[in-house]
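This report concerns only the one structure given below.
There are 2 protein chains.
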Amino acid sequence: MRTGIATVCLSGTLKEKMQACAIAGFDGIEIFEQDLVTSTLSPEDVRKMAADLGLGLDLYQPFRDFDGVTPDLLKANLRRAEAKFGLMSRLGMDTILVCSNVATATIDDDGLRASQLAQLAELAGDHGIKVAYEALAWGKYVNDYEHAYRLVEMVDHPNLGTCLDSFHILSRDWDTAPIEDINADKIFFVQVADAPKLTMDVLSWSRHYRVFPGEGQFELAKFMGHVVRAGYTGPVSLEVFNDVFRQSDVERTAVDAMRSLIWLEEQSAKWLAAAAEAEGGGSAAIRRRYPMELATLPKVNEPAGFNFAEVKADDTAQLEKLLGQLGFAFEGRHRTKDVQLWTMGQARVIINEQAASHAEPAIAALGFDVDSPVIASARAQQLKAPVVARKVQADEEVFQGISAPDSTEIFLCQGSPDGTAAWTAEFGQAGELGEGLERSSSGAGAVIDHVNLAQPWQHFDEAVLFYTSALALEPQPFAEVPSPSGLVRSQVMQTTDGAVRLVLNLAPAQQAQSEVRKTYQEHIAFAVDNLVATARAARERGLEFLQIPANYYEDLDARFDLEPGFLATLQELNLLYDRDASGEFLHFYTATVGSVFFEMVERRGNYDGYGAPNAPVRHAVQYDHRQHASLQRH
Amino acid sequence: MRTGIATVCLSGTLKEKMQACAIAGFDGIEIFEQDLVTSTLSPEDVRKMAADLGLGLDLYQPFRDFDGVTPDLLKANLRRAEAKFGLMSRLGMDTILVCSNVATATIDDDGLRASQLAQLAELAGDHGIKVAYEALAWGKYVNDYEHAYRLVEMVDHPNLGTCLDSFHILSRDWDTAPIEDINADKIFFVQVADAPKLTMDVLSWSRHYRVFPGEGQFELAKFMGHVVRAGYTGPVSLEVFNDVFRQSDVERTAVDAMRSLIWLEEQSAKWLAAAAEAEGGGSAAIRRRYPMELATLPKVNEPAGFNFAEVKADDTAQLEKLLGQLGFAFEGRHRTKDVQLWTMGQARVIINEQAASHAEPAIAALGFDVDSPVIASARAQQLKAPVVARKVQADEEVFQGISAPDSTEIFLCQGSPDGTAAWTAEFGQAGELGEGLERSSSGAGAVIDHVNLAQPWQHFDEAVLFYTSALALEPQPFAEVPSPSGLVRSQVMQTTDGAVRLVLNLAPAQQAQSEVRKTYQEHIAFAVDNLVATARAARERGLEFLQIPANYYEDLDARFDLEPGFLATLQELNLLYDRDASGEFLHFYTATVGSVFFEMVERRGNYDGYGAPNAPVRHAVQYDHRQHASLQRH
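One line per chain: the protein sequences are D and X, in this order. Quick note, the first sequence lines up with residues 3 to 636 if you use our numbering. Quick note, the second sequence lines up with residues 3 to 636 if you use our numbering.
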């Protein structure tokens with residue numbers, strides 16, 4: 003698959019954009035007219051730079067408001083087109099995108115449109131240029147790709163074809179199957195963009211909210227499947243107008259963009275295989291049938307569970323105290339590194355003492371159980387995930403590590419069916435437990451339930467694609483949680499069986515404003531079988547619980563009509579409660595140290611959520627603590 | 003008019019919100035349930051604090067999903083309601099908002115709804131509580147205020163009335179005139195919110211994009227006029243869900259909110275007077291007729307023009323050089339302050355040398371010609387604009403100053419019909435012009451055309467209301483300008499005759515992220531009669547123009563088919579060009595010093611814009627300069 007990207011997706015100057023596209027490995031680019039007009043590079047400079055960078059200049063775009071106009075306007079439009087054709091010759095480009103008219107068309111007549119497009123095609127032919135005519139979703143008269151193609155057929159000129167753009171097709175819910183009926187020679191270009199499903203005017207949706215494939219909710223693999231089955235072999239190019247991407251770091255966005263096409267290529271091949279299966283064809287037949295080559299990636303299944311979570315600090319005393327009070331056992335220190343292992347049932351927490359001086363406690367890494375760490379790592383690297391290297395001795399387990407968009411380190415570990423981890427043998431004899439601490443018997447069934455990570459606003463969509471493509475997690479519908487300092491956007495990524503649950507939180511801009519990572523609090527949640535017993539034991543060990551206001555319990559009672567003894571227990575132990583049709587959820591939070599805190603949960607029945615109605619209470623109390631701490635500092 | 007605000011409008015804890023509301027001068031508040039549930043304050047604490055702060059607790063809200071349900075659910079809902087009525091008694095509150103059911107209603111039957119609401123009203127009566135039933139715009143069966151009122155009439159219970167919310171009514175385009183047919187005794191509460199006109203699902207629109215009155219596009223004065231004519235005298239309370247407000251400084255947002263109600267009160271009185279006029283009534287009759295008292299503000303007309311613009315720097319040499327090269331004349335220094343006066347025609351620029359050490363050049367203040375500075379200042383102060391004090395000697399003109407939301411100082415000056423300013427006499431004899439500089443003859447007709455100010459993202463909406471209410475400028479439809487570092491939102495505020503034009507720019511988040519003000523560039527534009535002559539003279543004086551890329555002129559030619567000699571002149575002088583149906587626009591920019599640059603424009607015919615198609619070129623070239631400067635620094 004030939005990969006491409008429109009320069010309008012990226013921030014910076016044309017030169018910076020081109021360099022970033024080359025670094026990310028794109029085959030070609032679309033030059034967005036404004037990027038050239040505002041550039042200090044001459045067309046000849048751009049042509050040479052593209053050649054030096056190994057980038058094809060695949061599409062000049064957009065040429066707007068051409069068709070369905072009065073004779074006077076047609077004359078001006080042809081003059082304008084000829085100027086652009088001359089410019090394209092200097093750039094060495096041969097394809098231009100012409101969008102269906104949104105502004106100046108006054109005549110709704112296919113015959114007239116075809117005759118005007120024919121004149122354009124004839125003029126283009128004189129310059130060796132191909133015109134790709136595209137139906138914009140909000141085109142005044144032409145807004146349906148089949149209509150655009152009918153016009154192309156009517157004109158029947160070698161220099162006129164069509165451009166298919168997934169946004170303009172899927173935003174209008176047009177059926178994509180008829181794409182297969184288009185003559186592949188007449189598909190001059192294919193643009194892809196994903197988007198969240200929003201109910202708003204399609205122009206605003208298109209101009210601000212497009213995202214890269216895999217970051218939205220469009221059925222892009224199906225769209226691409228039909229394109230491939232039509233016989234198309236040209237560029238598949240991203241055209242994504244997004245307010246965040248166009249102000250983010252250009253090289254990083256280009257890599258995110260490239261990852262989305264690599265992933266889309268794989269998904270398209272899967273869709274084709276599934277479609278062929280459904281139609282009774284064998285998989286051998288598939289490759290013969292479609293001329294576009296689709297590369298494959300190393301295959302991975304969903305991770306089977308969390309292998310470990312790692313927290314890091316300069317001074318780890320508070321973390322050790324919290325874990326001990328929660329009922330975790332200290333299993334000893336690593337034989338060569340300054341890290342400690344703490345466990346409760348199958349929940350493993352590594353305390354890393356190698357943080358920078360004065361670094362506050364924070365979540366540093368997560369380990370996931372996968373079938374094959376090497377295959378999973380190969381896949382992640384093909385998806386352009388940055389590799390994390392860790393020093394190991396010869397006889398120690400080598401962890402395959404990649405860096406997530408928020409710079410959390412992700413380790414791909416060898417899972418074992420019984421939930422144990424071989425690397426724990428690298429840790430020495432358990433040291434002494436702290437004073438008053440003892441191994442908890444109630445924690446035998448404990449596991450890591452979920453981990454909640456704060457995402458910088460520039461990298462939220464990137465993170466969704468990262469975990470989807472590299473780790474095979476599935477994004478759930480997102481939620482918005484009110485907090486005293488703004489709405490927190492909360493995106494759950496999880497496996498089908500819920501064994502791995504990651505919650506990506508986008509903090510309000512005020513909190514996200516700091517350049518420093520981790521201004522927003524993150525946490526690790528552990529699931530136990532009996533939360534009340536766990537909480538009682540923790541209280542006896544002196545754990546500092548997050549204090550839940552009395553008003554909360556009154557409201558809880560008004561909402562759920564709880565048995566009075568149970569309600570009293572909840573309030574006594576600062577437990578939070580939720581209930582839905584599938585089950586119940588009990589949980590509590592610890593105080594925060596640095597930017598990290600812990601949660602203990604108990605899931606009853608098939609409860610699959612995270613106590614969302616309680617999140618505002620947690621945010622409010624934590625906000626209150628921060629305000630007090632800040633007052634005391636000043 | 004009794005003023006109120008819902009706590010959900012503001013950031014922070016309930017305590018912080020209440021304090022901010024008291025400081026801003028609200029009569030009462032609505033307590034949003036979640037703010038109480040998450041609060042560590044007991045209901046009794048809240049009651050006492052409100053009494054101490056002089057705040058009425060006017061509405062408890064919201065009670066959701068009550069009506070149109072099955073018998074089982076009704077029982078649970080009545081139990082839940084009784085718990086809330088008990089809570090309200092402890093708070094000393096007597097009115098609760100009940101929204102029409104959006105989630106759990108299964109029966110669409112007005113008879114059933116009325117019977118269930120009657121049971122609620124009866125229970126409320128037992129607790130001395132009044133129920134205000136409101137139609138949500140997205141209510142499952144009840145989404146129209148007239149429908150809600152019909153139910154209230156059917157029930158006919160002293161403890162059941164209705165709540166009118168401008169958002170739920172205006173977002174659905176319901177006719178507001180029938181509000182006057184509602185029995186005023188049955189209007190238990192009125193909520194107001196403004197909003198930009200967006201085409202999107204009404205729930206998202208409501209939850210994220212509401213703004214305070216005067217910051218959006220709803221016809222709120224008309225809505226309020228009908229409410230007043232219905233005979234309503236209760237609270238007029240803001241309920242504004244806005245992503246920005248709920249993360250901004252609470253005290254500042256509360257003041258912005260209060261300003262919006264003061265302004266709305268005046269606009270409502272105006273609407274009533276105009277309506278009475280139209281209906282043939284005299285203005286004397288109006289006050290007798292409606293029981294709600296509407297306070298009035300000191301009246302101002304639109305400003306007649308800019309009186310001056312002031313730039314400030316530690317080292318002013320670069321500013322002096324730029325102005326001199328543009329053709330400004332140095333008119334001397336102030337006799338008691340370290341400021342210089344530079345003029346060109348009627349365009350006056352003050353260079354203030356009193357900036358903090360190492361402060362880069364920036365726009366510091368703007369003077370506007372008003373009919374009466376004292377009246378304008380009184381109005382601004384009643385609208386809670388912060389006052390700016392300037393030291394003056396006994397015989398000097400006293401400037402009335404207020405601080406705009408972005409902290410630019412706004413001075414209200416005595417305009418004179420001939421465009422001169424008396425205070426210029428406070429400046430001494432003109433000093434020597436710099437070497438090679440001489441007074442320009444081409445600048446006789448020069449004026450300040452417009453000023454472009456960068457707004458912090460937290461205060462953009464506040465700024466629109468500030469200039470609308472305090473300075474009588476009119477907001478124009480906003481535009482979005484692409485730049486290499488993101489989209490720039492651009493909001494023009496101007497007088498009807500265009501004599502005062504202010505452009506408020508909201509820079510992309512990346513640029514706005516810095517805590518430091520003025521990271522984004524701002525500028526002052528001067529209009530002259532002959533731009534080509536001005537540019538030539540400036541070039542001879544050695545002015546550093548913003549260099550416009552050659553590609554721009556090629557595109558200009560393709561778009562406008564310009565006369566070759568004219569095009570060559572534009573390119574030779576780095577002039578930009580635009581044309582529309584009403585006229586033509588020529589302009590050029592200077593290099594940037596600190597965060598400020600200058601623009602020279604010539605308006606031909608009735609051209610009323612700002613060369614918007616050229617703004618991306620300006621942004622791109624300035625970005626390029628910043629990147630180079632940054633590379634050189636590192």
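The beta-carbon is built from N, C-alpha and C at its ideal position, and this holds for glycine as well.
Identify the continuous alpha helix (DSSP H) that holds residue i and give its terminal residues.
{"i": "Pro566/D", "result": "566-574"}
{"i": "Ala275/X", "result": "252-280"}
{"i": "Lys339/X", "result": "Here Lys339/X belongs to no alpha helix (DSSP H), and DSSP marks it neither H nor E."}
{"i": "Ala120/X", "result": "112-128"}
{"i": "Ile377/D", "result": "375-384"}
{"i": "Gly421/X", "result": "Looking at the DSSP string, Gly421/X is not in any alpha helix (DSSP H), and its letter there is neither H nor E."}
{"i": "Cys415/D", "result": "Looking at the DSSP string, Cys415/D is not in any alpha helix (DSSP H); the run it does join, the beta strand (DSSP E), is 411-416."}
{"i": "His210/X", "result": "204-211"}
Leaving aside the five residues before and after residue i along the sequence, list all residues of the same chain whose C-beta is less than 8 Å from its C-beta, in chain order.
{"i": "Asp96/X", "result": "Met90, Gly130, Ile131, Lys132"}
{"i": "Ala80/D", "result": "Before going further, note that residue 80/D is Leu rather than Ala in the sequence given. Excluding positions up to five away in sequence, the list reads Gln121, Leu122, Leu125."}
{"i": "Gln644/X", "result": "Only positions 3 to 636 of chain X appear in this structure, which leaves residue 644/X out of reach."}
Go ahead and label residue i buried or exposed: buried means 16 or more other beta carbons lie within 10 angstroms of its beta carbon, across all protein chains shown.
{"i": "Gly428/X", "result": "At residue 428/X the sequence reads Glu, which differs from the Gly that was named. Glu428/X should be labelled buried."}
{"i": "Leu61/X", "result": "buried"}
{"i": "Asp371/D", "result": "buried"}
{"i": "Arg1/X", "result": "No statement about residue 1/X is possible, as the shown extent of chain X runs from 3 to 636 and does not include it."}
{"i": "Ala527/X", "result": "buried"}
{"i": "Pro160/X", "result": "exposed"}
Would you say residue i lies against chain D (beta-carbon separation less than 8 Å)?
{"i": "Gly438/X", "result": "Caution applies to Gly438/X, whose pLDDT of 49 falls short of 50 and renders its modelled position unreliable; the model cannot decide the point."}
{"i": "Gly14/X", "result": "yes"}
{"i": "Lys105/X", "result": "Note that residue 105/X corresponds to Ala in the displayed sequence, not to Lys. Taking Cβ atoms only, chain D never reaches closer than 8 Å to Ala105/X, which makes this a no."}
{"i": "Met152/X", "result": "The residue asked about is misnamed: residue 152/X is Arg in this sequence, not Met. It does not: the Cβ of Arg152/X has no partner Cβ on chain D nearer than 8 Å."}
{"i": "Pro180/X", "result": "no"}
{"i": "Asp128/X", "result": "no"}
{"i": "Tyr292/X", "result": "no"}
Output yes if chain X places a C-beta closer than 8 Å to the C-beta of residue i; else output no.
{"i": "Asn553/D", "result": "yes"}
{"i": "Pro486/D", "result": "yes"}
{"i": "Ala537/D", "result": "no"}
{"i": "Lys50/D", "result": "no"}
{"i": "Arg248/D", "result": "yes"}
{"i": "Arg519/D", "result": "Any answer about Arg519/D is weak, because its pLDDT of 37 lies below 50 and its placement is not dependable; what the coordinates show is given next. Not closer than 8 Å to any Cβ of chain X, the Cβ of Arg519/D fails to qualify, so no."}
{"i": "Ala40/D", "result": "Here the sequence assigns Thr to residue 40/D, which means Ala is not the residue at that position. With 8 Å as the cut-off, Thr40/D counts as an interface residue toward chain X."}
Tell me which residues share the same chain as residue i and place their Cβ nearer than 6 Å to its Cβ, disregarding the 5 neighbours each side in the sequence.
{"i": "Arg66/D", "result": "Cys101"}
{"i": "Gln342/D", "result": "Arg335, Ile353"}
{"i": "Glu355/D", "result": "Thr318, Asp340"}
So, for residue i: in the same chain, excluding its five sequence neighbours on each side, which residues have a beta-carbon less than 7 Å away from its beta-carbon?
{"i": "Ala53/D", "result": "none"}
{"i": "Ala22/D", "result": "Leu12, Val252, Glu253, Ala256"}
{"i": "Ala306/D", "result": "Asp371, Gly417, Ala501"}
Between which two residues does the beta strand (DSSP E) holding residue i run?
{"i": "Tyr62/X", "result": "58-65"}
{"i": "Val351/X", "result": "349-354"}
{"i": "Pro237/D", "result": "237-240"}
Would you please verify whether the beta carbon of residue i is less than 8 Å from any beta carbon of chain C?
{"i": "Gln63/X", "result": "Absent from the structure: chain C. Protein chains present are D and X."}
Pairs of beta-carbons, one from the region 497-511 of chain X and one from the region 409-416 of chain X, closer than 8 Å: are there three or more? no
When the Cβ atoms of the region 217-234 of chain D are set against those of the region 37-45 of chain D, are three or more pairs found closer than 8 Å? no
Counting Cβ pairs, one atom from each stretch, are 3 or more of them under 8 Å apart for the region 476-488 of chain X and the region 549-568 of chain X? no
Between the region 443-457 of chain X and the region 525-540 of chain X, can you find at least three pairs of beta-carbon atoms closer than 8 Å? yes
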